[in-house]
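Residue numbers (numbering that gives the first Met the number 0), protein chains in the order written: chain A, 0 to 460; chain B, 0 to 460.
Glycine included, each C-beta is placed from N, C-alpha and C at the ideal position.
Note sheet for the following structure.
There are 2 protein chains.
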Amino acid sequence: MPNTLYLPELREMLAENDADGLREFCTALHAARTAEFMEGLSAQESWAVLQHAKMPLRTEIFGFLDETKQLEMIETLARQEIAEFVGHLPPDDRVDLLANVRPWIVDELMPLIPTDERRDIQRLSAYPEDTAGAVMTTEFARVSEDLTVGQAQKRIAEQAEELETIYYLYVVDEEDHLRGLLSFRQLVSAMGKPDTQIGDLMERDLVTVNVADDQEEVAEKVARYDLLAIPVVDDEHHMLGIITHDDIIDVMREEAVEDAYRSAAVAPLDEGYLETHLLTLTWKRGIWLTILFFGAMLTALALREYESVIESYVWLVLFIPLVISTGGNMGNQSATLIITALSTADIALGDWWRVVRRELLMGLLLGGFLAVVGYFCALPAAPLPWWPTRLLTAMVIPVTILLVILCGTLLGAVLPLLFRRLGLDPAFMSNPFVAGLIDLVGIIIYMNVALALLPSQSGGL
Amino acid sequence: MPNTLYLPELREMLAENDADGLREFCTALHAARTAEFMEGLSAQESWAVLQHAKMPLRTEIFGFLDETKQLEMIETLARQEIAEFVGHLPPDDRVDLLANVRPWIVDELMPLIPTDERRDIQRLSAYPEDTAGAVMTTEFARVSEDLTVGQAQKRIAEQAEELETIYYLYVVDEEDHLRGLLSFRQLVSAMGKPDTQIGDLMERDLVTVNVADDQEEVAEKVARYDLLAIPVVDDEHHMLGIITHDDIIDVMREEAVEDAYRSAAVAPLDEGYLETHLLTLTWKRGIWLTILFFGAMLTALALREYESVIESYVWLVLFIPLVISTGGNMGNQSATLIITALSTADIALGDWWRVVRRELLMGLLLGGFLAVVGYFCALPAAPLPWWPTRLLTAMVIPVTILLVILCGTLLGAVLPLLFRRLGLDPAFMSNPFVAGLIDLVGIIIYMNVALALLPSQSGGL
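Right, dumping it as structure tokens:
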């Protein structure tokens, strides 16, 4: 919902060309809030308002606008003006933005963007999606070892307004190899000794990521080492860029949403729920729903094999949903525990035997407990007047529950480990795939237990 | 797995009391890596190594040690020494740590901790878990409006080593009301004008959180405004503390794991998968598994009501798992989409009608499609020789699929909205609760469709 509180005033100021008022509007509030108040304006109006903010602030407010509005501005305003403005945007943001602009407009804009920035855009957009290279920015504070603390301070003071982050200084040699790092905190602490060389103060043991690393690994490292920003290097340890804390937070949010979708078998969406076109959303759900539907069809085929058992013992049907859902729930719990533990590096592949042993033990405990409960629930259902037979007949239910729970927990634990072993994302083995598989296995177990424990239908009671 | 690479060297240095070597070990690497190399040491050995690091570094390395090791050190080492050390730990970390130390040891330690720090611990531990107050630290750079840029720089240079974050200066009045904020970047940019007053430079439009706010809301705000740290205030806008970017990342990871567990009906764990005691884990899974088990028992009771239909048309049984799992999958997708959209503020409660309309439309599209597929799968199963009757009989399946999918999508979409409306966490309405409910509803729909469309069993073919 756009915030319309200031809209009339803003439009009036624009009509009267009230430069002071508009400048005041742009500077008084946090850039994100300024952007919120501009949501109701058209692309042209927003652009006119932004002209009253000086450059670093202008790009900052722009960065907080809705992506739809940003794209509209880029696509509809005068190419030359926009091209110049794009040159000022943070390198990582403008690449993400241009990726969503219609290609023919990008083709028109690119030649108008200043050479350095154009090359930077081309370089950055070459990195595959979801890698460190695609998330990093190329603007960071770069110093050489032989600079003194005093010189470095002056250099930073000059660049402070333009750089996205000034909280780490990266020390590189003449060939741009990353040699060390000095935090702003260290620089400030050393203010009393302005002649000390950076090389004597800097940290040499650095936490870095490779440009080809997956963004999830990057987030994991930043979280583990409590970093504000992490340097991105290539295989020869050349300094290519940095990834800052706010981008890491965005990556984590993105991954959390993706994981949630995956756990519900929805293909990832590019936009929000309401923004995604109904047919796109239907498609993204439909493909998986259909795959799962055909998977579930296998349970029908399996049951068909046992039609004669069912005909003889119709009461068995009552417990079909119970048996398969209990196995599915147990498998789902195991899969989620293992997937989460793998993704937080809480367990490694080498722990597989400990994991399997724990899961089997829990399966025995929980399966045993629910089997007992299930037995007492099954007793009144088994329609046999003679108690000794009834006691035996009802045993089908607890035996099935125990076996299904053991199978569920094993499948749930082993499949994610197997997927990781094969180099695939274990998260794909989350429910409802595991649940679907356990439905099928559960049915087969149930019917075979019934065949084994119950008198055959020809000689049935 | 502990990193044992340096263990022999470390033990040798300890045995020989090699102060230079140990000092070198503590300072050469990133604190997190130093901590990794110490993992194989005992609590006593670790403590002896740490004595060779100066104070801010000592607490930093300690902060990266395993929590088990930290607790062991606190519980087994000389009380007086530890109490003094605890006084130097970051305020937020030591409260979290002491919460896990055995109470009688805390009682012994507390009187030995310096008065100011002891009061701070008591104050912080009074805030309820998962609120801003429980996550914040009380150490931050505090300045007054009438300080000049030059004075502020000097003040910060003195405090730089001790404060957890120096990237924002918080401007407060005499009564500690938060008046404004100056980023370090602004302070550095203003280095050329050392006589400017802080009050003239500071930002007055601040993004703050209340001390009682939920940590998820805090993370949401920090992400939206791209902040390094967010100030925490009380109802009278007194400045109480700050929450820094690394704590926000921890909160997000914690919440992501919690959401994953919730979506699989596992009660949140306090420790990792392998660290949690087997019986604790069994209990945390067992309570929900049992609740879901009794929920599933309702499907058995429901089916019992329709035993005569089943006896007449045993082939209906084949499609029970298919029908309920399809409804469950659809409901699960809807629930996940709506819960995610609610948590990312992509939709609000006011959008409920748009959501319901979209879900119904998608339900019609997907349900219609799968109904057609299901019809052709059901045709060979319905065991009737006369084709016209067969065509009609098999209609039970598509009609059921369409209705179950519509019900599933509606329940999945509406229940999270309803939970939000009631002030409860919508995430509780994720699968497998929705799935369990849809199992029950699906069975009832299926059997009633069968009753409506099939000739009654007494007059059956």
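Do you know offhand how far residue i's Cα is from residue j's?
i, j, result
"Lys73 of chain B", "Gln121 of chain B", "Contrary to the premise, residue 73 of chain B reads as Ile rather than Lys in this sequence. For Ile73 of chain B and Gln121 of chain B, the distance between alpha carbons rounds to 18 Å."
"Gly411 of chain A", "Tyr126 of chain A", "35 Å"
"Met251 of chain B", "Tyr305 of chain A", "49 Å"
"Glu71 of chain A", "Met37 of chain A", "14 Å"
"Leu13 of chain A", "Val48 of chain A", "7 Å"
"Pro464 of chain B", "Val440 of chain A", "The shown model of chain B, from 0 to 460, leaves out residue 464 of chain B, and the question about it has no answer."
"Ile346 of chain A", "Arg353 of chain A", "10 Å"
"Ala211 of chain B", "Val413 of chain A", "42 Å"
"Asp461 of chain B", "His87 of chain B", "In the structure displayed, chain B extends from 0 to 460; residue 461 of chain B sits before or after that span and is not available."
"Leu390 of chain B", "Pro379 of chain B", "10 Å"
"Tyr5 of chain B", "Thr26 of chain B", "15 Å"
"Gln196 of chain A", "Ala189 of chain A", "10 Å"
"Thr298 of chain B", "Asn328 of chain B", "17 Å"
"Asp145 of chain A", "Asn16 of chain A", "51 Å"
"Leu119 of chain B", "Thr207 of chain A", "It should be pointed out that residue 119 of chain B corresponds to Asp in this sequence rather than to Leu. If you take the alpha carbons of Asp119 of chain B and Thr207 of chain A, they lie about 36 Å apart."
"Thr343 of chain B", "Met446 of chain A", "45 Å"
"Thr335 of chain B", "Ala259 of chain A", "7 Å"
"Asp199 of chain B", "Lys220 of chain B", "26 Å"
"Leu177 of chain A", "Asn209 of chain A", "12 Å"
"Glu107 of chain A", "Asn99 of chain A", "15 Å"
"Gln152 of chain B", "Ala151 of chain A", "16 Å"
"Gly407 of chain A", "Leu317 of chain B", "21 Å"
Is residue i helix, strand or coil by DSSP?
i, result
"Gly39 of chain A", "coil"
"Ile143 of chain A", "Sequence inspection shows Ser at residue 143 of chain A; the Ile mentioned does not correspond to that position. Note: Ser143 of chain A maps to coil in three-state DSSP."
"Gln196 of chain A", "strand"
"Asp212 of chain A", "coil"
"Gly179 of chain B", "strand"
"Gly422 of chain A", "coil"
"Ala77 of chain B", "coil"
"Tyr169 of chain B", "strand"
"Pro320 of chain B", "helix"
"Glu202 of chain A", "strand"
"Thr26 of chain B", "helix"
"Leu453 of chain B", "coil"
"Val85 of chain A", "helix"
"His237 of chain A", "strand"
"Thr343 of chain A", "coil"
For residue i, which residues from the same chain have a beta carbon less than 7 Å from its beta carbon, with the 5 sequence-adjacent residues on both sides left out?
i, result
"Leu401 of chain A", "Gly366, Gly367, Ala370"
"Ala34 of chain B", "Ile60, Phe63, Leu64"
"Lys283 of chain B", "Val265, Ala266, Leu268"
"Gly431 of chain A", "Sequence inspection shows Pro at residue 431 of chain A; the Gly mentioned does not correspond to that position. Once the five neighbours on either side are set aside, the close Cβ partners of Pro431 of chain A are Ala264, Leu291."
"Ala449 of chain B", "Val308, Tyr312, Leu315, Val395"
"Gly20 of chain A", "Met12"
"Arg331 of chain A", "As written in the sequence, residue 331 of chain A is Asn, which differs from the Arg given in the question. So the list reads Gly411, Asn430, Val433, Ala434, once near-sequence residues are dropped."
Could you pull out every residue in the same chain whose Cβ sits closer than 6 Å to the Cβ of residue i, ignoring the five residues on either side in sequence?
i, result
"Arg261 of chain B", "Ala426"
"Ile81 of chain A", "Ile73"
"Gly294 of chain B", "Gly435"
"Val403 of chain A", "Val322, Gly326, Gly441, Ile444"
"Glu257 of chain A", "Pro267"
"Arg203 of chain B", "Gly179"
"Glu11 of chain A", "none"
Please check the pair residue i and residue j, which I expect to be a contact at CB under 8 Å, by giving their CB distance rounded to whole angstroms.
i, j, result
"Ala340 of chain A", "Gly271 of chain B", "6 Å"
"Thr399 of chain A", "Ile442 of chain A", "Not a contact, Cβ separation roughly 10 Å."
"Pro89 of chain B", "Glu44 of chain B", "Not really, about 24 Å apart at Cβ, beyond 8 Å."
"Ala461 of chain B", "Arg419 of chain A", "Here chain B covers residues 0 to 460 and nothing more, so residue 461 of chain B does not appear."
Just to confirm my understanding: we take residue i, look at its own chain, exclude 5 residues before and 5 after, and list those with CB closer than 8 Å. What are they?
i, result
"Gly280 of chain A", "The sequence shown places Leu at residue 280 of chain A, not Gly. Closer than 8 Å at the Cβ level, and outside the excluded window around Leu280 of chain A, lie Leu268, Tyr272."
"Leu28 of chain B", "Phe36"
Scan the region 326-337 of chain A for residues whose Cβ lies nearer than 8 Å to a Cβ of chain B and list them as they occur along the chain.
Gly327, Asn328, Met329, Asn331, Gln332, Ala334, Thr335, Leu336, Ile337
Tell me which residues of the region 230-252 of chain A have at least one Cβ-Cβ distance to chain B shorter than 8 Å, keeping chain order.
His244, Asp245, Ile247, Ile248, Asp249, Met251, Arg252
Residues of the region 396-417 of chain A in Cβ contact with chain B at a cutoff of 8 Å, in chain order, please.
Cβ contacts with chain B come from no residue of the region 396-417 of chain A.
Residues from the region 103-130 of chain A in contact with chain B, defined by Cβ distance under 9 Å:
Against chain B - using a Cβ distance shorter than 9 Å - the region 103-130 of chain A contributes no residues.
Just by C-beta distance, which residues in the region 297-314 of chain A are closer than 7 Å to chain B?
Thr298, Ala299, Leu302, Arg303, Glu306, Ile309, Glu310, Val313
Members of the region 49-60 of chain B near chain A, C-beta cut-off 8 Å
For the region 49-60 of chain B, which is checked against every Cβ of chain A, not one residue is closer than 8 Å.
Taking a Cβ distance cut-off of 8 Å, strictly less, list which residues of the region 31-43 of chain B are near chain A, in chain order.
Ala31, Arg32
Between the region 63-78 of chain B and chain A, which residues of the former have a C-beta closer than 9 Å to a C-beta of the latter?
Within the region 63-78 of chain B, the residues whose Cβ lies closer than 9 Å to some Cβ of chain A are Phe63, listed in chain order.
Name the residues in the region 11-33 of chain A whose C-beta lies less than 8 Å from a C-beta of chain B; which are they?
Ala27, Leu28, His29, Ala31, Arg32
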